[in-house]
Amino acid sequence: MTVHTIARSAVATLALAAVFTVAACAAPAPSADPQPAPDAAAPDAVEAPGDGEYAFGTDRDQIAASISAAFASKNGEARWDGDTLVLRIDGDATATIAGATECLVLQELLNEGDGSVIEYPNGTLACADVLP
């Protein structure tokens, strides 16, 4: 394994852990009243882990909140602009490897077809331009 591969795996693992933590916190508390088991013959008896299309059944708002939490140490704030996730963080857009780590994380968490942009105080980088 190369250092790049190890670093990418580590970043993706940390990001997924953050997503899982926020998704678990967003789940409704279990009811104190026991609910009857769904009828196995009913077409809607199959339960999905969540109703969203992102990691762990999260939706767009939940994945943005998870990404914001994951980048809290950089004052991260994620929001959707159409089909593009914009991650605003502290830092320097002109740094040598600006956006590389952040774009790797977003690449692992977002769906195919979603765009991602890293917004710094002094400029914006499209992840499509940062990653090979």
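Residue numbers (my numbering): 37 to 168.
The beta-carbon is built from N, C-alpha and C at its ideal position, and this holds for glycine as well.
Does residue i come out as helix, strand or coil in the three-state DSSP assignment?
i: residue 129; result: coil
i: residue 113; result: strand
i: residue 84; result: Interpretation of residue 84 is limited by its pLDDT of 45, a score under 50 that renders its predicted location unreliable; the figure taken from the coordinates is listed afterwards. Three-state result, residue 84: coil.
i: residue 135; result: coil
i: residue 149; result: coil
i: residue 144; result: helix
Please report the residue range of the alpha helix (DSSP H) in which residue i lies.
i: residue 102; result: 96-106
Can you check DSSP and say which residues form a bridge with residue i?
i: residue 156; result: 159
Is the beta carbon of residue i sitting closer than 8 Å to the one on residue j?
i: residue 129; j: residue 167; result: no
i: residue 123; j: residue 131; result: no
Could you spell out the range, first to last residue, of the beta strand (DSSP E) harbouring residue i?
i: residue 123; result: 120-124
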